[in-house]
Structures are given as structure tokens and as C-alpha cells.
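Quick mapping for you: the protein sequence lines, in order, are chains Z and A.
Note that full-length UniProt numbering gives residue 319 to position 319 of the first sequence, counting from 1, and the numbers run on in steps of one.
Note that full-length UniProt numbering gives residue 24 to position 24 of the second sequence, counting from 1, and the numbers run on in steps of one.
Working notes for the structure below.
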Amino acid sequence: MTVTATTTETTASEATAETQVEPGKGMRFVNWGANYIEDRTSLSGFVKELGRKIFPDHWSFMLGEVALYSFVVILLSGTFLTFFFQASMTHVVYDGSYAPLKGVGMSAAMASTLDISFDVRGGLLMRQVHHWAALLFVASVGLHMLRVFFTGAFRKPRELNWVVGFVLFVLAMGEGFTGYSLPDDLLSGNGLRIIDGMVKGIPIIGTWISYLLFGGEFPGEAIVGRLYTLHILLLPALVVAAIGVHLILMIVNKHTQFAGPGRTQGNVVGVPIMPVFAAKAGGFFFIVFGVIMLVASLVTINPIWNYGPYDPSPISAGTQPDWYIGFADGMLRLIPPHLETELWGFTITWYILIPIAVLGLFIVLVAIYPFVEAWITGDKREHHIADRPRNAPTRTAIGAAGVTFYAVMWAAASSDLIATHFRLSVEGVTHFLQAALILGPIIAYLVAKRVCLALQKKDREIALHGFESGRIVRLPGGEYIEVHERLSDYDRWRLVSYEDYAPLMVRPNAKGRITTGTKIRGVLSRWFFEDRIAPVTRSEIEAAHHDH
Amino acid sequence: MAQADGAETGTAVERHEHAPRAAGVAVVSDDRVQNPGFPPYRPRVSDIDPVKERQNERRVFWLFLASMIGSVFAVVAYIVFPIHEGDMDSVRLNNLFLGLGFALGLLGIGFGAVHWSKSLMDGHDLVEQRHETRGKPETVARASEIFTLGNKESGFTRRKLIRNGLLGALVLAPLSAIVIFRDFAPAEDPVKLLKHTLWEKGTRLARDPNGIPIKASDVTIGSVFHVIPENLHESDHPLEEKAKAAVLLMRLDPADLHVSEERKDWNFRGIVAYSKICTHVGCPVALYEQQTHHLLCPCHQSQFDITREAEVIFGPAKRPLPQLPITVDEEGYLVAQSDFHEPVGPSFWERSL
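In C-alpha cells:
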């Protein structure tokens with residue numbers, strides 16, 4: 001006991017000595033508080049480790065922050081909503097403030113959602129904040145993934161964190177869908193009906209899964225309560241856990257940075273957490289929250305009172321899910337007709353199974369891409385400098401193809417609205433999108449790859465010969481030339497400092513054999529790196545300067 | 001590759017550690033352009049000009065002040081714009097002004113803090129060294145040793161019998177819990193339930209949602225009715241029954257109908273009844289094109305041709321909408337002749353069994 005007390009005194013006096021420059025009551029209290037906590041937690045080690053941790057700066061690093069902050073907004077607004085929402089499908093007769101639905105039978109879930117909207121001050125605002133924040137959450141997670149993909153920030157040592165992020169993306173969609181279904185309005189009920197139809201299409205177990213999920217026949221009286229448990233307990237717990245792992249791994253791996261003068265694979269250049277990053281990121285949280293709040297106060301989202309309670313018979317034209325489920329709904333629309341077979345009396349519903357398989361394959365490819373690329377390059381080094389997308393043309397082209405594939409599926413979820421808005425036939429739109437689903441990614445791949453290579457060539461030209469200055473000079477011989485301005489070493493560095501890969505030379509291994517794996521790797525690496533623009537070298541720069 | 005050549009000396013950890021990281025197919029060139037090092041710091045106006053610095057300081061304060069005003073405004077708006085029962089405008093105003101107040105309160109803090117950090121806090125980039133993510137060799141060796149000790153002291157790999165016993169027990173324990181999911185739904189067979197609806201011989205066709213029975217004479221050519229069984233509201237599970245029994249009723253010119261032999265008495269003078277539940281994934285097929293006699297599902301655009309017994313003419317669905325055989329009773333009301341002759345709605349595995 002005495003020993004501890006002495007230690008405290010020493011630490012305190014030391015701290016006081018340090019801050020003697022600006023004494024004052026406030027500081028004395030802060031010191032006392034800091035020591036109080038330190039004595040009980042040894043928090044100083046944590047602060048020492050993280051307090052001046054460096055974060056590199058780039059606008060695209062903000063996307064993950066948007067995701068994190070909108071999730072916090074979702075938690076806050078969602079907690080408020082739980083105090084009023086009743087996750088029950090008990091039949092009630094609505095008797096709230098919204099006159100057009102007075103006397104209409106509906107579930108308690110729907111009635112309580114209407115009460116939140118019309119009888120609780122700020123209730124509608126919180127609903128809209130929650131819904132807008134959810135849309136923003138999934139959008140920013142998706143954009144963040146694209147940033148990481150196109151800059152190669154998933155390379156070693158961050159492959160696992162890519163997978164964690166991928167899991168978060170899937171969880172976010174799950175959160176979105178379960179939340180969307182809770183109010184038990186016409187639109188969400190039809191969404192559930194589609195899920196029910198899809199589940200029933202699963203061979204062998206589908207009928208039973210649907211029956212158990214809905215607690216009997218569709219729609220039953222259980223599903224809202226069950227989805228609510230998933231939505232506010234299980235899924236958020238998983239999301240919070242995955243975010244925790246994601247951030248811890250980010251701290252362990254340190255953030256990537258873009259190439260720049262002085263920046264190397266061995267350092268991190270940027271601002272320290274205390275104070276600049278803390279102020280910027282903390283401030284940014286309030287900006288994200290503020291923007292969501294602004295949108296929620298100005299723009300209506302999910303006006304369930306217009307849709308009415310769920311009833312299996314009516315439906316409105318132009319029904320659509322929330323945007324992030326669109327790609328799945330679109331895939332259901334794009335499948336060609338009549339794909340169902342019967343085998344020994346069993347019904348195999350290909351028009352459900354093929355979309356599920358295509359979507360499954362697509363997201364699995366997204367999840368495993370870092371490992372595939374790592375295997376092709378065979379590069380076991382750590383990578384902390386983010387690629388400019390143009391400097392990895394094949395990866396960028398693959399990404400463009402993937403984005404196009406997703407975008408076509410997504411557009412298909414609005415095929416009817418596209419048709420009505422542009423006065424086209426819905427059949428024509430669907431057939432066009434079916435073709436685009438196959439051809440679009442191929443075209444996007446080729447275009448993106450050529451654009452990347454062209455940009456690399458331009459960079460190379462500028463790095464070697466400088467940029468056009470616009471100054472025309474007449475030489476003594478009468479010849480006119482445009483003077484090219486040489487780049488500074490700093491500017492040139494951004495253009496020339498990238499990783500260069502060459503196709504694998506397929507050679508026999510120690511046993512004198514060429515394995516199938518090596519052959520495949522050879523083919524794939526040729527696909528990846530055959531068209532390559534090597535970075536400018538020192539001797540090339542020197543040679544270029546002699547020419548002038 | 002290099003690791004494999006590293007012979008059998010040392011522990012696995014050491015061998016791994018000393019191998020240089022393979023660069024794979026990366027081109028490692030000596031002729032690379034050298035990193036020019038950090039560029040000189042470019043000071044901001046507020047670094048040089050104390051007037052600008054004070055200006056920025058004032059701006060940050062104004063932003064924080066705006067935030068305070070916004071927060072106070074939100075409280076005032078909460079009181080000044082209450083919700084009056086049945087008045088949608090009061091809801092809108094409450095939502096708008098409360099939200100604007102909150103938004104200003106938040107955005108003021110946000111922009112103030114960001115402006116402070118960007119214009120007044122130290123703007124120098126700092127440098128931190130990276131270390132390979134992998135721990136120091138001693139640490140890795142110690143961790144590996146801990147596992148070895150753990151294994152040795154417990155005999156985990158040596159005592160195969162009890163290890164495998166443990167694994168078996170661990171696998172079985174959660175598997176056994178699967179049974180408790182059975183009571184997620186009542187003790188009935190979903191396949192049987194899916195194959196029957198509320199329709200039976202003599203059930204009157206009634207309007208959705210008011211349940212008023214429909215007389216054949218009310219159904220003029222070209223008209224369409226949303227139909228439920230007359231006894232739907234007396235059912236214990238009206239929504240579940242409706243999800244299967246919802247029907248669309250249309251009257252066409254009998255000359256337009258292509259009726260197959262076995263269904264020739266399923267319509268009544270051109271009045272036909274089809275299940276409203278899409279055979280694709282179960283949305284209500286509620287859009288009827290009167291001129292072409294096509295039914296369109298608004299969810300995934302499957303189209304059914306009513307003149308040809310609701311066969312699929314476009315979209316993902318495979319099967320035609322099941323037809324409900326109808327006739328009239330002695331009072332002239334439309335009634336079902338029987339239940340549907342096949343399960344309605346989306347396909348399922350046991351559908352044709």
C-alpha cells in the first residue's frame with residue numbers, strides 16, 4: 001500500500017513539474033484525473049503506443065470513416081427506435097394520428113411504426129435518420145471496398161482484413177434487409193414474400209427452411225419478432241465484433257499510403273492521432289452525422305403510411321428493394337424463362353438456383369481475390385504503398401468488369417421503372433440487360449485495361465520528357481519547337497515509383513517436372529502482366545536528358 | 001523456393017525467418033529511380049500571417065457558435081412545433097425544424113473541428129517507421145515454444161484416442177442442438193399445407209377486401225375482380241390463407257379464350273379465375289392489361305397470357321398460374337368447383353410429389 005502511494009506521488013510530482021509552464025486550476029484537475037485513471041488502468045502505455053500514431057492522408061481514406069461513423073449513427077438512432085417499436089405481428093386496429101389508416105387492421109409492428117412517425121416528436125426524424133444512415137452505411141462500405149480493391153490495399157499483410165471487411169459488407173446487407181422488413185408494411189412484406197419464394201426453391205430443405213423460418217406458413221406471426229432479434233441483437237453484435245477486428249488489424253498493419261516523395265514501404269507519413277487526426281476524424285464524425293440529419297429532415301424515406309399494412313394480395317407497381325439488395329433482385333429478373341425441371345417427381349427450380357449460384361460465385365470471387373492475385377504474382381513481400389489503379393491495369397480491368405456486372409444486375413432491379421421512364425418496352429429493357437450482363441463486363445474489361453495502359457504511357461512520356469509548357473521557340477535554323485518543362489524530382493517520383501511485374505517464366509522444378517499448378521500460374525501471370533508498361537528507370541531519364 | 005532449400009537446420013520458425021521474402025514475378029531492378037526524399041514544407045497562410053491565423057481562429061469559433069445556436073434551436077423547435085393529431089403538416093414541420101436544428105448543431109462542431117485541424121494545428125507531416133507485421137524472431141520462437149510445451153504437457157497429439165474423443169464430442173454437442181429448431185413452426189407437414197387452399201366445392205368467390213360475394217351477372221366483359229374465398233375472414237389464419245387463396249377474376253369474350261379439353265367447363269361464359277400468386281417467387285400478379293389479356297407481375301415482370309390458360313409469355317416464371325375451376329350456384333353467385341388442381345405460388349421441392 002505504502003509503495004503504491006509513493007509511486008503515485010512521484011508520478012504526480014513529475015507530471016506537475018512538466019506542466020509547470022502553464023499552471024492553473026484546470027490543469028491541476030486534469031493531472032489529478034489522469035493520475036487517478038493511470039493508477040488503476042496503466043493507460044499510459046496505450047496512449048504512448050497510439051497517441052502519436054501516424055495516419056496518412058488522402059481523400060479516399062475517408063470512405064471507411066464514413067462507414068464507421070454512419071454505423072455509430074445507426075446505433076444511436078436505432079436505440080431510440082427500439083424504445084417505441086413493438087416487434088409483434090399481433091393483429092391490431094390502428095387508432096393513431098394518421099387519419100387515412102384509422103380503423104385499418106394491421107400488425108402491432110406496423111401500428112407502432114406509424115406511432116413513431118406520427119405521435120412521437122422527433123420519431124419520424126429518428127426513423128429517417130436510421131434509414132438514411134443505413135443506406136449510407138452500405139454505400140460507404142461498398143465504396144471503401146472499391147477503394148481498397150483498386151489501389152491494391154488488400155495485398156499482404158492485409159488479405160485477412162479484406163476478408164473481415166467483406167464479412168462486414170455481407171453483414172451490412174443482412175442488417176439492412178432485416179431492418180427493412182420490420183415495419184411489416186406492404187413493401188417489406190412483399191420483400192419477405194420474395195425471400196420465401198427463393199428459400200422454397202432450394203432443393204430438399206427449402207420447403208422446411210421456409211416453414212421453420214416463418215413459424216408456419218407464410219407470412220405467419222413470427223417473422224417480424226425473429227428478424228428483430230437478428231436485427232438488434234445478433235447481427236449488430238457480429239458487426240461490432242468485426243469492426244473491432246477490422247480496426248485492430250488496421251492499427252497492427254498500419255495504414256497504407258500513396259506513393260510520394262519521402263514515402264517508402266518502410267515508413268508512414270502523415271498526421272499524428274493527437275491532435276490533428278483526432279480533431280479531423282472527430283470533426284468528420286459530426287459532419288457525417290450532420291449531413292445524415294440534414295437529409296433526414298429534408299427528404300422522406302420509406303413512407304410506409306403510403307404503402308399500407310402488409311396483405312398478400314395487393315401490390316404497387318414499380319416495387320423495388322432498398323438499393324443494396326437490388327443486385328440480387330435484378331439477377332432474379334434476368335434469368336431466362338422456363339428454367340425448371342422435374343426429376344423423379346422432385347422439382348428443381350433453376351430460375352432460383354442459378355441466380356443464387358451466380359450471386360454466390362460473384363461474392364466468393366470478391367472475397368478470395370487477394371489470395372488469387374498473391375498466388376499469381378508469387379510476391380511474398382509486404383506492400384504498404386497503395387497502387388494507382390492505372391499501374392495495375394489487369395486488376396483495374398477485372399475490377400471494372402466486376403463493377404459492370406454488379407451494375408447491370410442492379411439496373412435490372414429497376415427494369416420496369418427504366419422502361420416506364422424512358423418509354424421503352426419492359427421486354428426490350430430486360431433483353432438488353434441480359435445481353436449487357438455478359439457483354440458489359442467484357443467491354444468494361446477491355447476498355448479499362450486500354451485506358452490504364454494509355455495513362456501509364458502518358459505518365460511515362462511526362463516522366464521522361466516533361467510536360468508541354470505551351471512556349472513555342474523558333475530555333476536559329478527556322479525550326480519551331482515547343483519547350484517541354486522538366487518535372488521536379490518530387491513530381492516525377494509519383495509517376496515512376498510503382499511495382500513492376502513480368503509474366504512467370506515457366507521452368508521445371510527440382511524434380512525436372514512442370515506441375516499443372518505452375519502451368520496455370522504461367523498462363524494467369526501472362527494474362528496479368530503480358531501487357532506492361534515498365535516504370536521509367538534512371539538510365540532512361542539520363543538518356544532522355546541527353547537528347548535535349 | 002528458398003525456404004525449401006534451407007535444409008533441415010534450425011526450427012521451422014528460424015528457417016522461415018531467415019529466408020528473404022520472395023518477390024515472385026516482381027521485377028527488382030537496380031536501375032530504379034531513387035526516392036528523392038521529403039519535399040520542403042510548404043507553409044500555409046496561417047503559418048506565416050498572424051492576421052490570417054486570428055481570422056481562422058475566429059472562423060472556428062463562429063462555427064462552434066453556429067453549432068450552439070443550432071442545438072438551442074432544436075430544443076426550441078421541439079416545443080414550438082408540436083404534433084397535432086391528424087395534422088400531417090405539423091408532423092412535417094416538427095421533422096423539418098427539429099432536424100435542421102440538430103443538423104446545424106452537428107455540422108457546426110464538425111466543420112469547426114476540421115477547420116481547426118487543417119488551418120491552425122501543426123501542419124507538418126510526421127514520419128513513423130514500419131516494422132514487418134510478423135513479430136520479432138524471439139517472440140515468434142517463444143510463441144512456438146509455448147504451443148510445443150502446451151502440446152507436450154497435455155499430450156494433445158500424443159494421446160490420439162482422447163484427442164479424437166474430444167473432437168468427436170465437440171462436433172456432436174452443437175449438432176444435437178439442431179433438434180430444438182423443429183418447434184420453430186407448428187407440428188404439421190408444410191408440404192401438405194402448401195398443397196391445399198381454402199377453396200373447396202361451393203365456396204363463393206368474394207371481393208377483396210370486403211368479402212361481398214360476386215354474382216356472375218356483375219362481371220361484365222373486360223372487367224377484373226380481386227377475389228378471396230367468402231369464408232376467408234372466418235378462418236383462423238386469414239393472412240396465411242389469403243397468401244394462397246388470392247384469385248384474380250376476369251371476363252373475356254369466350255371467343256378469345258383458348259380452352260383445353262380437360263378445362264372446358266372450368267370457366268363460366270368467359271369468366272375465368274386464376275391464382276393471383278406468381279409461380280415465380282410469390283408476388284401478387286396484380287397488373288392486368290385489359291387489351292392484350294396479359295397479367296404482369298410487378299416484382300420480376302413475369303407475364304401470363306390469360307387467353308392461353310395463363311401460360312408464361314415473358315419473364316423468369318416457368319409454370320402458368322393455376323386456374324380455379326368455377327361455376328355458379330343456384331342464386332347466381334360464382335362458386336369454386338373444387339380447390340386448385342395443383343399447388344399455387346412459388347415452386348418447391350416436393351411440389352409434384
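All C-beta atoms in this analysis are idealised placements derived from N, C-alpha and C, irrespective of residue type, glycine included.
Bear in mind the structure is a predicted one, so any value in this text is a computation, not a measurement.
Quick check on Ile83(A) - is its C-beta less than 8 Å from some C-beta in chain C?
Absent here is chain C; the protein component of the structure consists of chains Z and A.
Taking only runs that begin and end inside the region 443-512 of chain Z, name each unbroken alpha helix (DSSP H) of 4 or more residues, in chain order.
Runs found: 489-496.
Starting from the beta carbon of Pro508(Z), find every residue of chain A whose beta carbon is closer than 8 Å, and list them in chain order.
Here the premise fails: no neighbours, minimum Cβ distance about 13 Å.
Pro213(A) touches chain Z at which residues, Cβ-Cβ below 7 Å?
The contacting residues do not exist; Pro213(A) stays about 17 Å from chain Z at best.
Would you kindly work out how many angstroms separate the C-alpha atoms of Pro336(Z) and Ala412(Z), rounded to a whole number?
C-alpha separation (whole angstroms): 13 Å.
For Val76(A), count neighbouring Cβ atoms within 10 angstroms of its own Cβ and tell me buried if that reaches 16, exposed if not.
Per the 10 Å Cβ criterion, exposed.
Using C-beta distances below 7 Å, list every residue in its chain close to Pro56(Z), excluding the 5 sequence neighbours before and after it, in chain order.
For Pro56(Z), where only same-chain residues beyond five positions count, the Cβ hits under 7 Å are His255, Gln257, Val268, Val269 and Gly270.
Express the C-alpha separation of Trp208(Z) and Tyr324(Z) in angstroms, rounding to a whole number.
Distance between the alpha carbons of Tyr324(Z) and Trp208(Z): 27 Å.
What did DSSP end up calling Ser67(A) once you bin it into helix, strand or coil?
Helix at Ser67(A).
What are the start and end residues of each continuous beta strand (DSSP E) run of 3 or more residues lying completely inside the UniProt domain "Rieske" (271-335) of chain A, in chain order?
Listed in chain order, the complete beta strand (DSSP E) runs (minimum 3 residues) inside the UniProt domain "Rieske" (271-335) of chain A are 271-275, 287-289, 294-296, 303-305, 311-314 and 326-328.
Taking the continuous alpha helix (DSSP H) assigned at Gln128(Z), which residues delimit it?
First-last of the alpha helix (DSSP H) with Gln128(Z): Gly123 to Phe150.
List, in order along the chain, the chain Z residues whose C-beta lies closer than 7 Å to that of Ser117(A)?
In chain order: Val276, Ala279, Lys280 and Gly283.
Beta-carbon separation of Thr537(Z) and Asp47(A) under 8 Å?
Contact: no.
Is Glu234(A) helix, strand or coil by DSSP?
Three-state result, Glu234(A): helix.
Any residues in the region 190-213 of chain A with a beta carbon nearer than 9 Å to a beta carbon of chain Z? Which ones, in chain order?
The residues in question are Pro190, Val191, Leu193, Leu194, Asp208 and Pro209.
If you measure from the beta carbon of Tyr94(Z) to each beta carbon in chain A, is any gap under 8 Å?
Chain A contact via Cβ: absent.
Is it buried or exposed, His384(Z), if we count other Cβ atoms within 10 angstroms and call 16 or more buried?
Buried: at least 16 other Cβ atoms inside 10 Å.
Would you give the residue range spanned by the beta strand (DSSP E) that Leu205(A) belongs to?
First-last of the beta strand (DSSP E) with Leu205(A): Leu205 to Arg207.
Under a CB-based cut-off of 8 Å, is Leu126(A) close to chain Z?
Interface residue, yes.
Apply the 10 Å Cβ neighbour rule to Phe340(A) and answer buried if 16 or more other Cβ atoms are within range, or exposed otherwise.
The residue in question, Phe340(A), is buried, as its Cβ has 16 or more Cβ neighbours within 10 Å.
For a quick check, are the C-beta atoms of Leu168(Z) and His130(Z) less than 8 Å apart?
Their beta carbons are not under 8 Å apart, which means Leu168(Z) does not touch His130(Z) by this criterion.
Verify the CB distance criterion: does Leu295(A) have a CB-CB separation below 8 Å to chain Z?
Judged by the 8 Å Cβ criterion, Leu295(A) is not in contact with chain Z.
Short check: CB of Ile273(Z) to CB of Arg52(Z), under 8 Å?
Yes, the Cβ-Cβ distance between Ile273(Z) and Arg52(Z) is below 8 Å.
From the DSSP output, read off the bridge partner residues of Leu249(A).
BP columns for Leu249(A) point to Phe225(A) and Ala273(A).
According to the neighbour-count rule (16 or more other Cβ atoms, all chains shown, within 10 Å of its Cβ), is Glu8(A) buried or exposed?
A caution first: Glu8(A) carries a pLDDT of 43, below 50, which makes its placement in the model unreliable, though a value can still be read off. With fewer than 16 other Cβ atoms within 10 Å, it is exposed.
So Pro393(Z) and Asp531(Z) are in contact, right, with Cβ under 8 Å, and what is the actual spacing, rounded?
Indeed, because the Cβ distance is near 7 Å, the residues count as touching under 8 Å.
Please check the pair Pro359(Z) and Ala328(Z), which I expect to be a contact at CB under 8 Å, by giving their CB distance rounded to whole angstroms.
The displayed chain sequence assigns Leu, not Pro, to residue 359(Z). So it is a contact: roughly 6 Å between Cβ atoms.
With Phe285(Z) as the anchor, note down where its alpha helix (DSSP H) starts and where it stops.
It spans Ala278 to Leu298 - the alpha helix (DSSP H) in which Phe285(Z) sits, taken as one unbroken run.
Helix, strand or coil: which one does DSSP assign to Val429(Z)?
Val429(Z): helix per DSSP, three-state reduction.
Grouping DSSP H, G and I as helix and E and B as strand, with all else coil, what is Val269(Z)?
Strand.
If we cut at 8 Å on Cβ distances, does Arg308(A) have a partner in chain Z?
For Arg308(A), the answer is no, since every Cβ of chain Z falls outside 8 Å of its Cβ.
Could you check the C-alpha separation between Pro100(Z) and Met88(A) for me, to the nearest Å?
Their Cα atoms are separated by approximately 11 Å.
At 9 Å on the CB atoms, spell out the chain Z contacts of Met121(A), in chain order.
Simply Val271, Pro275, Val276, Ala279 and Lys280.
What does DSSP give as the partner residue(s) for Asp185(Z) in the beta ladder?
The partner list for Asp185(Z) (beta bridge, DSSP) reads Pro309(Z).
If you draw a straight line from the C-alpha of Ser44(Z) to the C-alpha of Ser70(Z), how long is it?
Approximately 30 Å, taken between the alpha carbons.
Looking at Gly318(Z) and Pro298(A), is the spacing between their C-beta atoms short of 8 Å?
For Pro298(A) and Gly318(Z), yes; Cβs fall inside 8 Å.
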